[in-house]
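Participant:
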Amino acid sequence: MNKSVQEKIDQFKKLAKTQGSKREPSPMNSGHVDSLSQVIRTKKDADDFMAELNAVIKRS
């Protein structure tokens, strides 16, 4: 690999490590409510939704 490319990759890795540790985790509940999050509350709901979605994709 080109030496300058490898140096850039190393710089980005170092930057990612330093920036990543300072970042605070984002909250799970952002206050944004959409229809899908209101409907899918359980694993069974999610499984049913994915089954219907896959059926639609297969039909198209």
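For the sequence shown, counting from 1, position 17 maps to 34 in the working numbering; every step adds exactly one.
For every residue, glycine included, the Cβ atom is placed at its ideal position computed from N, Cα and C.
#1: Which residues in the same chain as ILE57 place their Cβ atom closer than 7 Å to its Cβ, once the five residues preceding and following it in sequence are excluded?
#2: Starting from SER54, trace the alpha helix (DSSP H) in both directions and tell me its first and last residue.
#3: What did DSSP end up calling THR59 once you bin it into helix, strand or coil?
Facilitator: According to the structure shown:
#1: The beta carbon of ILE57 lies closer than 7 Å to those of ALA63, PHE66 in the same chain, with the five residues before and after it left out.
#2: In the DSSP assignment, SER54 falls within the unbroken alpha helix (DSSP H) covering 52-56.
#3: Correct three-state label for THR59: coil.
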